[in-house]
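Okay, structure first, notes after.
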Amino acid sequence: KPHNHLTSSAPKIGRREVRGQEWGHMAFSKTVLKWRLIGEGYSSQLTIEDQRQIFGVAFRMWSEVTPLEFVEDTRSPLEDVDIRLGFGTGRHLGCNQKFDGTGREFAHAWFLGDIHFDDDEHFTAPNTGSGISLLKVAVHEIGHVLGLPHIYRTGSIMQPSYLPQESGFEMDWTDRKAIQHLYGGCSGRFNTVFDWIRKERTQHGEAVVRFNTYFMRDGWYWLYENRNNRTRYGDPVALQVGWHGIPTDGVDACVHVWNRKADTDAVYFFKGTQYWRYDNDNDRVFTVDPEGHHYPRPISEGFPGIPSPIDTVFYDRRDSHMYFFRGTNVYAFSVAANRLSRGFPRKITAVFPALTSGDHPGGNIDAAYFSYTHNAVFLFKDTRFWRVVGGRDRQRRPFQPRNGLMPHREVEEQWFDICNVHPSALKV
Amino acid sequence: EKLFHSRDRSDVKISYSHQAELVTDKNSAEIFLSRYGFVHPVNWGEVQFKETPGDPYNEDFAGEEDLLSWIQEGDSSVSRAETDSDAKVVSMTTESPAFISALREFQEMSGLPVTGLFDDATKAAMNTPRCGVPDKETGMDTADDPQDNVSSSAPEMDATD
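The listed protein sequences derive, respectively, from chains U and X. With the working numbering, the residue at position 389 of the first sequence is 1331, and numbering never jumps. With the working numbering, the residue at position 7 of the second sequence is 576, and numbering never jumps.
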């Protein structure tokens, strides 16, 4: 009987580490959490599908800014479900705190993962005009279950009172840091990181060059908004959503080769022994490019002397060379001469020496990335990055070796909120 | 298209028979302040497990008046804590320092002018739709708002053109 489900949700050792019955503490010690809209708790106002879809988005919003992942579980025994959601009116779902009817209290959450919504309120799906946004309330209550208390700051999703939803509300910087204060930031390896540059014309007809930054991991990617210090709302998305025709399970590397003068402008994706050229204008890979090359194309054909597969590659506009990384070696490739530069391959440690003894990625680099935001090259490996000493650094400190590697830092200290979501949430 | 069976669609109309009691006077303000922990921090974890006698799931919606009639009839099945907490509220006089202090704290947290008076702005704030989780709970030092531990300023961008 429904009443029993609450008693069955008495603290189970191991199911959920409840550190004291109060907010402000990390509530879960595992990272993949199961949720369910309980059968006896459907709302009478929205279709069941809508209810589940809205909750799926709410959980995904938390997953985009925490190391936690959420998966809807409609099969396991209820006591194995970490977060249980349900609607009720008045005395409801065996809960001790009855609801007060239309107005005032619209929902509450309990430490052990129960979230109740007062079905006397007029809940609405996002962006459907008046009423109380079920999405916004669900994000708030899930915040409680994850351990957040009420936060009295304008703009916080954890304010106790409901503010009519401005269209497309999102979690702001401080709420993100509050939850990361409990669960930490997000870290992980990347297949590739790159800035995608494109020429556009403003409405006044003047030509401008714009870029966007992308992080790719396995079959999904994030657009990183450097000016906002976070990923784009709603990311990650599956690769095939934004990059048509590249391998859907991920790539080894991507590089954008362009020169304002030499009007070189080509985006290449590498995977295994093959590579693709991307057609920016038509937003998909070329099958045949303007030079008549068919794709996918063997790397050995397009870049003679470069072994495959490669670990990563970046393009240095200063010397118009592409630097391919494989194992502990680096290969400088002249774009103009279309051949390997003399004296290469060389050891990565020789071309990019460590400034601090021993603080060097060694080899098997995950990603090499020239950032237009930071005007610097970064080498990524695992959850760390090393910044390459640039021209300006050496003007200030001439003793630093050319292309020296500064001491490592954690990726999450410089690029924020690049968080996975559960694969089942990718479609949400 | 919402699924309806009655021609006048009354079966999908949200029945507004259950209107929440609004905070209209100082007594109801006291109940509000007590419920959300401004009088005494609420042990929210305990509330979840406090056994309410009887089988609350099967009874119909007990409106406030029904509940009050219970209390007035001295129905023993109403749990001690419930009457206790109401008793606690009733024990505060409207001008007691405890009431004024709780009111001021609510006004401060809500970003209202901290007058200590039950004025219209405070009444309106108390009637705004809100989450049922108390604002102040035992064991939670709201003074150290988790925000304090987090530098809210975004890191300096060393962006260059």
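The beta-carbon is built from N, C-alpha and C at its ideal position, and this holds for glycine as well.
Three-state secondary structure (DSSP) of residue i
i	result
ARG1095 of chain U	coil
VAL999 of chain U	helix
TRP639 of chain X	Note on TRP639 of chain X: pLDDT 35, under 50, position unreliable in the model; the coordinate value appears next. If DSSP states are grouped into helix, strand and coil, TRP639 of chain X belongs with the helices.
ILE1360 of chain U	coil
ASN1271 of chain U	strand
GLU1142 of chain U	strand
ASN1201 of chain U	strand
ASN1069 of chain U	coil
GLN588 of chain X	strand
GLU1014 of chain U	strand
TRP1052 of chain U	coil
ASN1168 of chain U	helix
ARG1174 of chain U	coil
ALA1367 of chain U	helix
ILE1057 of chain U	strand
ALA650 of chain X	Confidence at ALA650 of chain X is low in this model, with a pLDDT of 37, below 50, so its placement is unreliable and no value can be given for it.
GLU1355 of chain U	helix
LEU1020 of chain U	helix
Continuous alpha helix (DSSP H) stretch holding residue i: start and end
i	result
LYS1119 of chain U	1115-1125
LEU602 of chain X	595-604
THR1291 of chain U	1290-1293
ILE669 of chain X	666-678
LEU1077 of chain U	1076-1088
ILE1241 of chain U	1241-1244
THR691 of chain X	689-695
VAL1183 of chain U	1181-1184
Residue i - containing beta strand (DSSP E), residue span
i	result
GLY1028 of chain U	1025-1030
SER1313 of chain U	1309-1313
ARG1338 of chain U	Note, ARG1338 of chain U: premise wrong, no beta strand (DSSP E); alpha helix (DSSP H) at 1333-1338.
MET1158 of chain U	1149-1159
LYS1323 of chain U	1318-1323
LEU975 of chain U	974-979
THR1254 of chain U	1254-1258
LYS1040 of chain U	It is not in any beta strand (DSSP E) - LYS1040 of chain U carries neither H nor E in the DSSP assignment.
TYR1220 of chain U	1216-1221
ARG1344 of chain U	Neither: ARG1344 of chain U is in no beta strand (DSSP E) and is coded neither H nor E.
ARG1131 of chain U	No beta strand (DSSP E) holds ARG1131 of chain U; DSSP gives it neither H nor E.
LYS1213 of chain U	1206-1213
Residue i burial status per 10 Å Cβ neighbour count (16 or more: buried)
i	result
PRO1091 of chain U	buried
THR1229 of chain U	exposed
LYS1078 of chain U	buried
LYS972 of chain U	exposed
GLN1039 of chain U	buried
GLU677 of chain X	exposed
ASN1133 of chain U	buried
GLU634 of chain X	Any reading at GLU634 of chain X needs caution, since the residue's pLDDT is 42, under 50, leaving its predicted position unreliable; the model's value is listed next. Counting Cβ neighbours within 10 Å, GLU634 of chain X comes out exposed, since fewer than 16 surround it.
LYS1369 of chain U	exposed
HIS1235 of chain U	exposed
ASN940 of chain U	Here chain U covers residues 943 to 1370 and nothing more, so residue 940 of chain U does not appear.
ILE1360 of chain U	buried
ARG1338 of chain U	exposed
Residue i Cβ short of 6 Å to the ligand FAD heavy atom set
i	result
TYR1314 of chain U	Because no ligand of any kind appears in the structure shown, any question about the ligand FAD cannot be addressed here.
Cβ-Cβ distance between residue i and residue j below 7 Å
i	j	result
ALA1049 of chain U	PHE997 of chain U	no
LEU602 of chain X	ALA693 of chain X	no
GLY1300 of chain U	THR1270 of chain U	no
ILE1188 of chain U	TRP1164 of chain U	no
ILE1099 of chain U	HIS1082 of chain U	yes
TYR1311 of chain U	VAL1135 of chain U	yes
PRO698 of chain X	TRP613 of chain X	no
VAL1330 of chain U	ASN1345 of chain U	yes
ILE980 of chain U	GLY1028 of chain U	yes
THR1206 of chain U	ILE1241 of chain U	no
ALA598 of chain X	GLY1043 of chain U	no
MET1113 of chain U	VAL999 of chain U	no
PHE1211 of chain U	VAL1183 of chain U	no
ASP1061 of chain U	SER985 of chain U	yes
TRP977 of chain U	GLU1014 of chain U	yes
ASP1117 of chain U	GLY1161 of chain U	no
GLY701 of chain X	GLU1047 of chain U	yes
VAL1150 of chain U	VAL1277 of chain U	no
Expected contact under 8 Å - CB spacing of residue i and residue j to nearest Å
i	j	result
ILE1248 of chain U	PHE1267 of chain U	Going by Cβ atoms, the distance from ILE1248 of chain U to PHE1267 of chain U rounds to 10 Å, so no, they are not a contact pair.
THR1031 of chain U	HIS587 of chain X	6 Å
VAL1255 of chain U	MET1264 of chain U	6 Å
GLU1354 of chain U	SER1129 of chain U	5 Å
ALA1367 of chain U	PHE1012 of chain U	7 Å
ARG1026 of chain U	GLY1055 of chain U	6 Å
PRO1303 of chain U	TRP1328 of chain U	6 Å
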